[in-house]
């Protein structure tokens, strides 16, 4: 019974079906009929004109965006626990040619606007210190918290005041949207986001994420950078097809709802052990080593997350019986 | 009737089937059961111990290899018409941090060992001139010629003499193997190749290529560089599954045989118009603008390739009737 | 009797004196009184508002300019024999993060506007091929030819038409100005130059060159890049002092006049052996190996420059007697 | 009366004299007679065979060393207050192609071996997290503390255990040597240092630092990287001459002794206000805003260093009367 990662879950059957359907000769790269529909589909979803680029991984989406928002000699604010800082092997430094990640603290891997302002204030405005060019936040956060649109807007105001580009790592964007009930538009460009890494792989996709540009004047540059990073697939239609399948009839929302609901069921059984509020599909529990061992002995798979803490992640296809069993086991600890 | 690119062809049904079969929960990234079989499968094929890494594009395979074989301050010899020079948006400069491509001429996009030696000899051995660190060849070449193992060995000898890493871009490796009848081992590590970009996408695959390391001590570095470039897919099993499907029962060779045979059928009808010998699945024909227009009016799709020349490419799934019709049309010009 | 390089000549006594005079406590980096005078001095010289940055080497001046004029994913046109291509250890690729040098031919290391246009025309306007962002020329050229302002303007028109930044490597700018009689303004910004590497080191300076920006909006970026490349000297006043000493009373022009005159004296004695017209302070002579050996046996130092050719370079402090002796020796060959 | 930076002080008269003496034709770059003496001079000083490279700035020395000790995909441990992190405009990320600085805390900008071990232990050994390749310490530290050889050795042991290269930023190496009485050999290679940025500019030099390699197999690479970064001066003899002048008769030690003594005189008058022990030539004092204003009104120049703290720096040429006056003023606060 696996609760270790949404990353490793199966893709939704409609995604596999879409790949099969897209498997016929078409123009190579992103000149095909499927890829051509992306801009329109995302523009409709976000209620504004956007440019949408499929890529194969979240790291690629994040770092292409950051490279376009931050010159090589600039800095990017992010949380100390951000995926781009902790889990991408230094990819931001690679894609952005040595640009510097500037780390902020904050509970639950969320950034506070006041902390951001203060950090900017501590940087001398001279050539000796790296000047910030961009801000990146993760929504839902690495600890399963969802920024509300108003919170994003407050950060966006600071970013705008200081001329920072604003990126959202939305590896679990769907979970955040479902959790907060905010509209995709309110959560992004209306609150100042320039570029969104819109995650599908953790939410029923196979290997397609989408980089959505609200700052559309970056589109030409992103297209070149994507190719230059080896991310322009010649049969890109199979990436577009996955994304379109998940957008259709709101499948992406259904999947996220299922994952979030499973997380809520677990949270309900463990309210006194929660390290963070459960707002998306991740649950962080305080347990003893013995308790963790006990759960594992019962067949539950999950990661340790520092001393005395474990992480449970639920997926779009999480088995309901497994969730019930785990909820009971936690309650019985 | 399309003869413009093997790049855009459909994937083989067994590849799609393999993707569907691999679509269940497993360990993420390359820890899954499919990915774990790659080293063994390629070691068997190449009759030596190798390390094999799936990646999503040929550009990624090429440039990860080059970055490992050439320090940022070094140079990489390649042909002036090499894909890495002409069609990868400067990706070698990106992945290898500003390393320099050093261009050689030679008919049919093949490199002559004497020309390579001469070029090395012209470089002053001082800090002012970039020193070469690596050599990259394409087999089959960008003009559809296949290096024989002995030719590769002659280049390998020069490379070894000067301490150059040796990379083969095998986007059409299958076509070269079928064309020459050489063994994969003879064509690669036995003649000095350190790293091979083994192409599957143009030969029935969907979006999986394989970087095969004969210089296995580079494996740890490649693993890190792959992640850092955003090329470590979380559901990598779907990439491994494609590759394994094509290796099984020699499907990769069957596919290449079909493509090469179609090319030979066209070449036979156009022997007096061939710009280069046809040894793989590409045919370059001298035609007038009027003749090209005539062929297009008959429904044949292909690219112009410089003035007075067109390129025809055949794929693993090329329709036999289309080939016959084009052969007749060319013969009738 | 040395004719091998102006690079290795002594500095002018006034330069040494200026260093000594600047040697007292002042604000560090470029906040000192000497550095503060550079913008004004060069703005007066060029008859327009410019920004001027001292750096320690010509390579630094060139590559800082190129990094500001060319994004990492772009290309820079230059001559195949340009210093940035041949003699800077790949520094453009380093400073500009993998940007590509795009090589042009042309007699005497000069670029022809028609050739430039044709080269631009051959590049497909897609994401697969590197798109040009900048053009760099060397004046006087690596073979001692001086572009006239009209020639620069013709190149500038092509650059402007295609949105290319335009850089001039003026390691021997003084020699070109003296040779052509053009004004500094006509030779640069009036004909489209955005940034000039204004050379002093080969012309009586010790270790100070000046990067002059006509496109002044790049100044902030250049200031940061200079620091980031380790080129912001804490006692930068000693660099500024050298430059100011050479600008004062036209010393830079006097020095170049002396070097050019020495070159003319040699050229006059060797008119039937000249590989290129002598327009600055370099002379390329066709000689046999025996003749070269004979000259060396008489005590003359110079470089071989390919088979059957030698290079002679004259400096601001070239001994007149040495020049006469060499002229006679050449005439007597 | 200036106490704001040793960076901005005058050069020692013997340094200026040496520059003048070296000002005659010689071989260019580092082929001259002065540069040729460096390896020997530093090998004698360090009692082992070293390779020594002049460069124009401490940033260049530091970052060339780090680029050679850390691959682009690796990390470099340093203190959060290290010059390379705080004051070099991201130069390590530029020179080392996106390598990551990994920050450690510790009083007085010194790193504790236990903290280092713990930080290494927290990094997962997988491809998702940047793996450390190097360690850099500053001696004397940014807060004027001097590591003892035994402390360096303890760090060196950790570095060796984990395969980390070990770099010392010795911008104030002379002050540390004088302060501790350790031998240069004990302070560096005998305790595990691979590369030392040996500072001269803050200690009587003008614009020459020396990168000393104990790991001599990096010499060829450093030579190339220096050129590629635009740091190979054509009249490098003037840099070598400065260094040799300071090494001669221990002038570098005399200068540091003078600066340290001045610092001690100030420290003696302010013992109850010291934020850190005074072990080199920097004094950090706790003062109120009013007290700082009072000192400035009396003509003393210095920097504020965070709220309620000022930094005083003494130089080799600090006026004794000024020191006495400042000591009295502080005592009278």
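Chains as they are written, first to last, in our numbering: chain X, 1 to 333; chain B, 1001 to 1333; chain G, 2001 to 2333; chain Y, 3001 to 3333.
Backbone N, C-alpha and C define an ideal beta-carbon position, used for all residues, glycine too.
Computed from a predicted model, the values in this text were never measured in an experiment.
{"Query": "If you check the beta carbons only, do residue 1128 of chain B and residue 1070 of chain B fall under 8 Å apart?", "Result": "no"}
{"Query": "Anything in chain Y within Cβ reach of residue 2233 of chain G, meaning under 7 Å, just list it in chain order.", "Result": "3056, 3057 and 3207"}
{"Query": "Let's test the definition: count the other Cβ atoms within 10 Å of the Cβ of residue 2296 of chain G and tell me whether it reaches 16, buried, or not, exposed.", "Result": "exposed"}
{"Query": "According to the neighbour-count rule (16 or more other Cβ atoms, all chains shown, within 10 Å of its Cβ), is residue 1237 of chain B buried or exposed?", "Result": "buried"}
{"Query": "Would you call the stretch 3215–3233 of chain Y and the stretch 2053–2066 of chain G in contact, with 3 or more CB pairs under 8 Å?", "Result": "yes"}
{"Query": "Under 8 Å Cβ-Cβ, which residues of chain Y neighbour residue 2026 of chain G?", "Result": "3008"}
{"Query": "Please state whether the Cβ-Cβ distance between residue 1204 of chain B and residue 1244 of chain B is less than 8 Å.", "Result": "no"}
{"Query": "For residue 2081 of chain G and chain B, any beta-carbon pair shorter than 8 Å?", "Result": "no"}
{"Query": "Just reading off the beta strand (DSSP E) that residue 22 of chain X is part of, what are its end residues?", "Result": "From DSSP, residue 22 of chain X is part of no beta strand (DSSP E) but of the alpha helix (DSSP H) over 13–22."}
{"Query": "Counting only beta-carbon separations shorter than 8 Å, does residue 128 of chain X have a partner in chain C?", "Result": "Structure shown: chain C not included; protein chains present are X, B, G and Y."}
{"Query": "So residue 3192 of chain Y packs on residue 3160 of chain Y, CB below 8 Å; how close in whole Å?", "Result": "6 Å"}
{"Query": "How many Å lie between residue 3037 of chain Y and residue 3270 of chain Y at the Cα?", "Result": "44 Å"}
{"Query": "Among the candidates X/208, X/155, X/209 and X/111, whose CA atom is the shortest distance from the CA of residue 189 of chain X?", "Result": "X/155"}
{"Query": "By DSSP, does residue 2080 of chain G sit in helix, in strand, or in coil?", "Result": "coil"}
{"Query": "I'd like to know whether the C-beta atoms of residue 1174 of chain B and residue 1258 of chain B end up nearer to each other than 8 Å.", "Result": "no"}
{"Query": "Quick one: what's got a C-beta closer than 6 Å to residue 3097 of chain Y's C-beta in the same chain, skipping five residues either side?", "Result": "3072"}
{"Query": "For the alpha helix (DSSP H) that contains residue 114 of chain X, what are its first and last residues?", "Result": "113–122"}
{"Query": "Please identify the residue among G/2075, G/2048 and G/2279 whose C-alpha is closest to the C-alpha of residue 2163 of chain G.", "Result": "G/2075"}
{"Query": "Report yes or no: do three or more beta-carbon pairs, one from the stretch 1044–1058 of chain B and one from the stretch 210–221 of chain X, lie closer than 8 Å?", "Result": "no"}
{"Query": "Using a Cβ-Cβ cut-off of 8 Å, state whether residue 2302 of chain G counts as contacting chain B.", "Result": "no"}
{"Query": "Taking only beta-carbon positions, decide if residue 1125 of chain B is within less than 8 Å of chain G.", "Result": "no"}
{"Query": "Nearest chain Y C-beta to residue 2201 of chain G closer than 8 Å, yes or no?", "Result": "yes"}
{"Query": "Enumerate in chain order the residues of its own chain whose CB-to-CB distance from residue 82 of chain X is below 6 Å, with the five nearest sequence positions on each side excluded.", "Result": "138"}
{"Query": "Kindly say whether residue 3089 of chain Y, judged by its beta-carbon, lies nearer than 8 Å to any beta-carbon of chain X.", "Result": "yes"}
{"Query": "Under the assumption that residue 2006 of chain G contacts residue 2281 of chain G (Cβ atoms under 8 Å), give the Cβ distance between them as a whole number of angstroms.", "Result": "6 Å"}
{"Query": "Quick one: residues in its chain with C-beta nearer than 6 Å to the C-beta of residue 2117 of chain G, no 5 flanking neighbours on either side, listed in chain order?", "Result": "2158"}
{"Query": "By the criterion of Cβ-Cβ separation under 8 Å, what are the contact partners of residue 1204 of chain B in chain X?", "Result": "Simply none; closest approach about 11 Å."}
{"Query": "Within 10 angstroms of the Cβ of residue 180 of chain X, are there 16 or more other Cβ atoms? Answer buried if so, exposed if not.", "Result": "buried"}
{"Query": "Could you check where the beta strand (DSSP E) with residue 3210 of chain Y kicks off and where it finishes?", "Result": "3209–3213"}
{"Query": "Apart from the five residues on each side of it in sequence, which residues of its chain come closer than 7 Å, Cβ to Cβ, to residue 2091 of chain G?", "Result": "2059 and 2063"}
{"Query": "For residue 1328 of chain B, count the other beta carbons within 10 Å of its own beta carbon; 16 or more makes it buried, fewer makes it exposed. Which is it?", "Result": "exposed"}
{"Query": "What is the rounded straight-line gap between the Cα of residue 135 of chain X and the Cα of residue 111 of chain X?", "Result": "10 Å"}
{"Query": "Nearest chain B C-beta to residue 2042 of chain G closer than 8 Å, yes or no?", "Result": "no"}
{"Query": "Near residue 2145 of chain G, what residues of its chain come up, given a Cβ to Cβ distance below 8 Å and the 5 sequence neighbours on each side ignored?", "Result": "2108, 2109, 2110, 2276, 2277, 2279 and 2280"}
{"Query": "Considering only residues of the same chain and omitting the five flanking positions on each side of residue 3014 of chain Y, which have a CB-CB separation below 6 Å?", "Result": "3245"}
{"Query": "Taking C-beta to C-beta, are residue 2197 of chain G and residue 2009 of chain G nearer than 8 Å?", "Result": "no"}
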